[in-house]
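Enquirer: This structure is in structure tokens; I'll ask about it shortly.
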Amino acid sequence: MFTNPHSAAATQDQRTWKVLFDRQTALLHRRAAPAFNQGLARLGYRREAIPDIAELSAVVREETGWQLVPVGRPFEPAAFFALLADRKFPIVTRIRPMHNFDFSPEPDLFHDLFGHVPMLLDEGLANFLHELGQAYQAQPEGSKAREQLWALYFFTAEFGLVQHEGKPLLYGAGLLSSAGEIHHCVNENTPRPVFDLATVLRTPVTGARYQNQYFVLPAWEQLTECVEELAGMLASR
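In the numbering used here, the protein residues as written are 284 to 520.
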């Protein structure tokens, strides 16, 4: 994925990947949702090397029909959801600098490859993202509905938790890829209310700092059910 794998920049990126990989896998022990652990094992990630995006894309396509698209920077919501509607997921090719190890204010290579890609192997999550993309495309530009769909994506695919065997486990990429966000989320003083679609849709999105609260799905199946509920709400307007 690097034009010159022996350059100083590429070497530093590999070091960054290794440190982040070690830190997150240690922190996520018994904290990550089963779907993430299964995806990580299926992809065969290694601490020693940044995975090849094209090779990962082939695996994801085989499993759930999705394609990974390398991009230079994060997309605005409209362009991002257009890709989701086409079963494509953008992968930012820049990795975070050292001073952002614990918390990156915007998506980077580690956030996308480590946080999102393993979850794309789960059929439920993959279909959820596809349906969100289609729903977003169907709404008028600048509409309240689009803001609400962004909030739903944000508090699920980025910062969601799911109840599993009596414990709230992490499945959102923003949590899976950030040591600082994990510590903030599991703090006993941080609210973690049960997921309620109406509440999620009216909760402000805060992308540049830790979240004020995190929503916990009572069961993994509710992720797909909430899309149907949302479709009904939008159709009734």
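Note that CB positions come from ideal geometry on N, CA and C, so glycine has one too.
Straight-line CA distance for residue 330 to residue 299?
Expert: Numbered from its first residue, the sequence shown carries residue 330 at position 47. Numbered from its first residue, the sequence shown carries residue 299 at position 16. So the alpha carbons of these two residues sit roughly 10 Å apart.
Enquirer: Taking the beta strand (DSSP E) that residue 435 falls in, what are its first and last residues?
Expert: Along the sequence shown, read from residue 1 onward, the residue named residue 435 stands at position 152. Looking at the DSSP string, residue 435 is not in any beta strand (DSSP E); the run it does join, the alpha helix (DSSP H), is 427-436.
Enquirer: If contact is defined by three or more beta carbon pairs under 8 Å, each pair taking one atom from either stretch, is the stretch 458-468 in contact with the stretch 498-517?
Expert: Touching, no.
Enquirer: How about residue 488 and residue 434: are their beta carbons less than 8 Å apart?
Expert: Within the sequence shown, residue 488 is the residue found at index 205, counting from 1. Within the sequence shown, residue 434 is the residue found at index 151, counting from 1. Result yes, Cβ atoms of residue 488 and residue 434 sit closer than 8 Å.
Enquirer: Counting along the chain, where does the alpha helix (DSSP H) carrying residue 321 start and finish?
Expert: What you label residue 321 is simply residue 38 of the sequence shown in a count that begins at 1. Its alpha helix (DSSP H) spans residues 317-326.
Enquirer: With DSSP run on the structure shown, which of helix, strand or coil describes residue 446?
Expert: Stepping through the sequence shown from its first residue, residue 446 is reached at position 163. Residue state, collapsed to three classes: strand.
Enquirer: Could you compute how far the alpha carbon of residue 413 sits from the alpha carbon of residue 365?
Expert: Indexing the sequence shown from 1 puts residue 413 at position 130. Indexing the sequence shown from 1 puts residue 365 at position 82. Between residue 413 and residue 365, the C-alpha separation is close to 10 Å.
Enquirer: Exposed or buried, residue 406, counting other C-beta atoms within 10 Å across all chains shown (16 or more means buried)?
Expert: In the sequence shown, the residue the question calls residue 406 occupies position 123. Its Cβ having fewer than 16 others within 10 Å, residue 406 is exposed.
Enquirer: For residue 488, report the span of its alpha helix (DSSP H) as first-last.
Expert: Within the sequence shown, the letter at position 205 stands for residue 488. Looking at the DSSP string, residue 488 is not in any alpha helix (DSSP H), and its letter there is neither H nor E.
Enquirer: Please classify residue 399 as buried or exposed, where buried requires at least 16 other C-beta atoms within 10 Å of its C-beta.
Expert: Working through the sequence shown from its first residue, we reach residue 399 at position 116. Result: buried.
Enquirer: Between which two residues does the alpha helix (DSSP H) harbouring residue 496 extend?
Expert: Numbered from 1 along the sequence shown, position 213 holds the residue referred to as residue 496. From DSSP, residue 496 is part of no alpha helix (DSSP H); its letter is neither H nor E.
Enquirer: Where residue 387 and residue 506 are concerned, what is the direct C-alpha to C-alpha distance, given to the nearest angstrom?
Expert: Your numbering for residue 387 matches position 104 in the sequence shown. Your numbering for residue 506 matches position 223 in the sequence shown. Using only the alpha carbons, I get a separation of about 26 Å.
Enquirer: According to DSSP, simplified to helix, strand and coil, what is residue 329?
Expert: Taking the first residue of the sequence shown as position 1, residue 329 is located at position 46. Of the three classes helix, strand and coil, the one that applies to residue 329 here is strand, per DSSP.
Enquirer: Roughly how many whole angstroms lie between the Cα atoms of residue 408 and residue 382?
Expert: To locate residue 408, count along the sequence shown from 1; it is residue 125. To locate residue 382, count along the sequence shown from 1; it is residue 99. If you take the alpha carbons of residue 408 and residue 382, they lie about 31 Å apart.
Enquirer: Compare the beta carbon distance of residue 436 and residue 467 with 8 Å and say whether it is the shorter of the two.
Expert: The residue labelled residue 436 in the question sits at position 153 within the sequence shown. The residue labelled residue 467 in the question sits at position 184 within the sequence shown. It is not a contact, given that the beta carbons lie outside the stated cut-off.
Enquirer: So, at 6 Å on beta carbons, what are the nonlocal neighbours of residue 428 in its own chain, with the 5 sequence-adjacent residues on each side left out?
Expert: Residue 428 sits at position 145 when you count from the first residue of the sequence shown. If we look at residue 428 and ignore the five residues flanking it on each side, its Cβ neighbours are 422, 517.
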